[in-house]
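S.K.:
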Amino acid sequence: MCELLILGKFSNKFTYHLTQKEKSDELIELKKLVSSFEGEYILRKGVLCSKYHGAAVIKFKDEDVANSFIDACHISDYLSETQIYKLCEVKTLENRFKNISKKIKVTEVTTNT
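All letters in the sequence shown, in the order written, are residues 17 to 129 by this note's numbering.
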């Protein structure tokens with residue numbers, strides 16, 4: 017399983033498309049993109065007062081599928097200025113730092129005040 021956090025801004029072309037709709041369909045175009053990679057929305061929200069229009073957490077069956085979805089997002093006409101991050105459990109992140117510190121001998125940083 018691989019979860020992605022996506023912060024996205026709609027492209028000008030897609031924003032124009034949205035203004036021409038008769039009624040809201042909760043951005044069915046983006047749902048189609050997610051479902052074509054068998055993704056599942058965990059969270060999907062609009063973002064107010066930000067350079068981004070929306071935020072979503074989407075779950076995919078594995079990292080390869082998630083990587084393909086990322087590639088598709090970058091070439092789609094739906095989003096621009098997209099930031100996509102792979103999410104992990106906090107324990108996984110902590111273990112990663114532990115493993116790195118074993119290899120590079122991270123020492124505590126102290127400051128004299």
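Quick reminder that beta carbons are idealized off the backbone N, C-alpha and C, glycines included.
Values in this document were obtained by computation on a predicted structure and should not be read as measured data.
(1) Using DSSP with H/G/I as helix, E/B as strand and the rest coil, what is Y32?
(2) Give the DSSP-derived three-state secondary structure of L59 in the structure shown.
(3) Is it the case that the stretch 22–31 contacts the stretch 82–101, given that we only count it when at least three CB pairs across the two stretches are under 8 Å?
(4) So, F53 versus V81, is the Cβ gap smaller than 7 Å?
(5) For the beta strand (DSSP E) holding C65, just list the boundary residues, first then last.
(6) For T31, which of G70, K114, E19, Y101 has the nearest alpha-carbon?
(7) Going straight from the alpha carbon of V106 to that of I116, what length do you get?
(8) Starting from F113 and walking both ways along the alpha helix (DSSP H), at which residues does that stretch end?
(9) Specify, as a first and last residue, the run of the alpha helix (DSSP H) that F85 falls within.
(10) What residue range does the beta strand (DSSP E) around K25 cover?
(11) Measure the alpha-carbon distance for V63 versus E110 and round it to whole angstroms.
M.R.: Checking against the coordinates, here is how it stands:
(1) For the purposes of this step, residue 32 is identified with residue 16 of the sequence shown, where counting begins at 1. Correct three-state label for Y32: helix.
(2) Here residue 59 refers to the residue found at position 43 when the sequence shown is read from its first residue. If DSSP states are grouped into helix, strand and coil, L59 belongs with the strands.
(3) Touching, yes, given that three or more Cβ pairs across the two stretches are closer than 8 Å.
(4) To locate residue 53, count along the sequence shown from 1; it is residue 37. To locate residue 81, count along the sequence shown from 1; it is residue 65. A contact, by the Cβ cut-off of 7 Å.
(5) What you label residue 65 is simply residue 49 of the sequence shown in a count that begins at 1. Counted as a single uninterrupted DSSP element, the stretch harbouring C65 is not any beta strand (DSSP E), since DSSP gives it neither H nor E.
(6) Residue mapping note: residue 31 aligns to position 15 of the sequence shown, counting from 1. Per the Cα distances, G70.
(7) By 1-based counting over the sequence shown, the position of residue 106 is 90. By 1-based counting over the sequence shown, the position of residue 116 is 100. Whole-angstrom Cα-Cα distance: 16 Å.
(8) For the purposes of this step, residue 113 is taken as the residue at position 97 of the sequence shown. Element bounds for F113: 106–120.
(9) As a position in the sequence shown, residue 85 is number 69, starting the count at 1. Element bounds for F85: 79–91.
(10) As a first step, residue 25 is located in the sequence shown; it is residue number 9 there, counting from the start. Per DSSP, K25 belongs to the beta strand (DSSP E) from 18–26.
(11) The count along the sequence shown starts at 1 and reaches residue 63 at position 47. The count along the sequence shown starts at 1 and reaches residue 110 at position 94. Computed Cα separation, rounded: 29 Å.
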